[in-house]
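For reference, the structure is listed below as structure tokens.
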Amino acid sequence: MLSGLQLENVGVSFEATRALEDVNLHLEQGEAVALVGLSGAGKTTLLHTCNAMVSPSTGRVLINGQDLSKISSHALKIARINIGFIHQDLSLVPNLRVIQNVVSGRLGRRSLIGGARDLLFPAGDVTERVYDILTSVGIAEKIYERTDHLSGGQQQRVAIARALFQEPQFLLADEPISSVDPVRAEATIALLKTLCAERNITLLMSLHNLKLATTFFPRLVALREGRVVFDKATDTVLPSELEAIFDLTESSPVSEEARDFEDRLGGRFG
Amino acid sequence: MAGLAEATASSGQRRWILIAIVASGIWASITLDLYPALLVPGQGGLAVVTEFFSYALSPVTTYQSKVPEGTKPLAAQALLAAWHTVKFAAAAMGLSLVGGISLGFLSSYSLMIETRRGITRVIGGTIYAIARLTITLMRSIHELLWAVLFLAAFGISQLGAVIALALPCAGILAKIFSELIDETPRHAAHAAEAAGASPIQIYCFILAPQALPNILAYSFYRFECALRSSAVLGFFGYPTLGFYIAASFENLYYGEVWVYLYTLFLLVAAVDLWSGAIRKRLA
């Protein structure tokens with residue numbers, strides 16, 4: 528059986544809009560890949576397609592060789608249990624405690640009663656595991672705080688802890704650093720990379736920040752207007768290939784950043 | 022410019038709706054012969070009204086009538102009636118919450134239809150339609166009408182009285198709960214769904230906690246309503262405050278009436294204070 532995450536000729540349409548077109552992608556178990564592209568390039572749609580929150584209009588998505596569009600609701604639920612997702616908006620329940628938000632990551636693995644017990648009266652070992660994960664993301668002391676009383680950066684870590692507590696085989700992260708400052712952004716990516724490597728989790732992360740993508744990820748997949756422009760090792764990306772995904776003639780912040788990256792690549796090649 | 026034209030049209034539409042509501046109110050008042058002059062009581066009526074309200078400022082502390090030896094003091098009688106009123110309301114509220122939460126889940130559009138696909142969407146849609154119909158039936162009949170029906174069927178039965186109070190209350194709670202759940206931000210629910218959580222887990226552990234402050238506030242309000250309805254059950258012979266209010270009123274013992282009315286007022290105020298404290302803690 529084929530392992531890992533695979534997209535074969537995937538196309539996604541929303542009414543008249545083509546969000547993804549003929550996307551092919553294969554991620555091996557334990558691999559870390561950054562998904563780059565401008566806003567509206569299709570990064571979020573691609574991530575949502577990977578766990579069947581969005582159904583492809585054409586092509587297929589395979590998780591460990593299993594076609595997500597051809598499996599029963601129950602089998603899909605089982606498949607999703609193995610796919611963690613860190614959402615751009617964090618998607619936490621604001622008035623629950625940190626421990627409860629983290630525990631909610633494993634609801635799919637629990638029965639109704641078991642889930643209720645974990646959330647309301649967690650057993651000692653559940654609390655210990657949550658504490659360990661919160662320690663690894665650096666906010667163990669916040670375990671019993673109300674989530675909406677935490678800062679944006681701390682909430683981001685709760686979202687990461689929830690995804691890790693799910694014990695996924697794959698982790699999809701959609702701009703997980705969008706609400707934190709640049710210093711914390713770098714620390715967050717480094718932390719996620721380390722934790723995924725330790726647990727042999729396949730990581731696919733969408734990023735606006737080219738510098739972080741090239742610093743932390745050995746493989747880049749670039750999207751433009753729903754199509755994969757390139758999918759290659761970061762070391763082999765050419766400056767001209769960047770021009771294909773980022774419009775360098777505009778004086779937008781993204782273009783500035785792309786130019787900066789191009790300079791770095793130019794320096795390397797020069 | 023197209024956006025401005027659209028916004029102007031929408032604003033104009035709202036203005037016409039407001040005018041239509043006011044106009045229909047005036048029309049209904051005229052056809053019902055509702056004239057303010059009718060509020061002025063006649064000579065005899067004025068005397069009764071004056072006497073009744075004069076007792077509001079000086080409620081009695083003992084019975085106005087001669088009562089048999091061994092009868093409980095008036096205050097104790099009022100407290101006992103209040104206790105019965107609370108018991109009926111609490112039992113009805115307990116049943117209503119079970120019914121309201123269950124039917125609220127079944128009549129939530131987002132949980133029964135939006136998050137499902139294939140055959141489960143068809144089944145979910147059917148259950149949703151049946152649940153909505155049931156809720157409408159339950160809340161379209163007033164609790165006092167249910168009480169009359171149960172009284173005719175079972176006689177003076179405490180269970181019948183509790184079910185009569187619970188039925189419309191459960192229907193209203195189910196409607197409000199499902200709407201509160203449907204209006205709750207869906208980000209966390211989508212995240213839980215993406216992680217393999219079932220619809221019922223999403224309802225109980227993700228959406229319900231977010232809607233909880235509003236659900237609690239509305240449940241307390243319905244408890245106030247249940248208290249008032251429980252009191253009125255006394256008019257049918259149940260030992261709640263309404264029984265003593267009706268008896269005292271019929272005998273023109275207005276002082277006693279006010280004692281029972283103030284007891285009811287204190288009950289409702291206590292529930293209001295209690296709910297306020299809980300909501301403050303959850304906010």
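Read top to bottom, the protein sequences are chains A and B. Numbers 528 to 797, taken from this note's numbering, label the letters of the first sequence in order. Numbers 22 to 304, taken from this note's numbering, label the letters of the second sequence in order. The beta carbon of each residue, even a glycine, is placed where N, CA and C say it ideally should be. For clarity, every value in this text was computed on a predicted model and none was experimentally measured.
- By the neighbour-count criterion, in which a residue is buried when 16 or more other Cβ atoms sit within 10 angstroms of its Cβ, I640/A is exposed.
- For G611/A, the beta-bridge partners assigned by DSSP are L698/A.
- Straight-line measurement puts the Cα of E164/B at about 37 Å from the Cα of A209/B.
- In terms of CA proximity to L595/A, E535/A leads the group R636/A, Q627/A and E535/A.
- The C-beta separation of I299/B from L237/B comes to about 6 Å, placing the pair in contact by the 8 Å criterion.
- Taken in chain order, the unbroken stretches of alpha helix (DSSP H) that lie wholly in the segment 672–735 of chain A and span 4 residues or more are 679–692 and 709–726.
- Rounded to the nearest whole angstrom, the C-alpha separation of T284/B and G121/B is 29 Å.
- In this structure the segment 632–651 of chain A does not lie against the segment 239–247 of chain B, because fewer than three pairs of beta carbons, one per stretch, are closer than 8 Å.
- Taking 8 Å as the cut-off between beta carbons, the residues of the segment 225–255 of chain B near chain A are C225, F226, I227, P230, Q231, L233 and P234, in sequence order.
- For V61/B, the secondary structure class from DSSP, reduced to helix, strand or coil, is coil.
- Residue environment for R138/B: exposed (fewer than 16 other C-beta atoms within 10 angstroms of its C-beta).
- DSSP places A760/A within a strand segment (E or B) once states are collapsed to three.
- For the pair A187/B and L116/B, the CB atoms are nearer than the 8 Å cut-off.
- Counting only Cβ-Cβ distances below 8 Å, T147/B has no contacts in chain A at all, with the closest Cβ about 17 Å away.
- For Q222/B, the closest alpha carbon among the candidates R633/A, V539/A and L603/A is that of R633/A.
- Within the model, the alpha-carbon separation for L619/A versus I728/A is close to 22 Å.
- In this chain, the alpha helix (DSSP H) harbouring T106/B covers L95 to L127.
- Judged by DSSP in its simplified three-state form, S45/B adopts helix.
- Nearest to Q593/A by C-alpha distance, out of T662/A, A568/A, C577/A and D701/A, is C577/A.
- In the three-state reduction of the DSSP assignment, A543/A falls in the coil class, being assigned neither a helical nor a strand state.
- Taken through DSSP and simplified to helix, strand or coil, T742/A comes out as helix.
- Residue environment for Q682/A: buried (at least 16 other C-beta atoms within 10 angstroms of its C-beta).
- DSSP places V657/A within a helical segment (H, G or I) once states are collapsed to three.
- Near chain B, meaning a CB-to-CB distance below 9 Å, no residue of the segment 544–567 of chain A qualifies.
- Under the three-state reduction of DSSP, V748/A is assigned to strand.
- Burial state of D659/A is exposed, judged by a 10 Å Cβ sphere holding fewer than 16 other Cβ atoms.
- The way I'd put it, the segment 542–551 of chain A doesn't touch the segment 715–734 of chain A; fewer than three beta-carbon pairs between them come closer than 8 Å.
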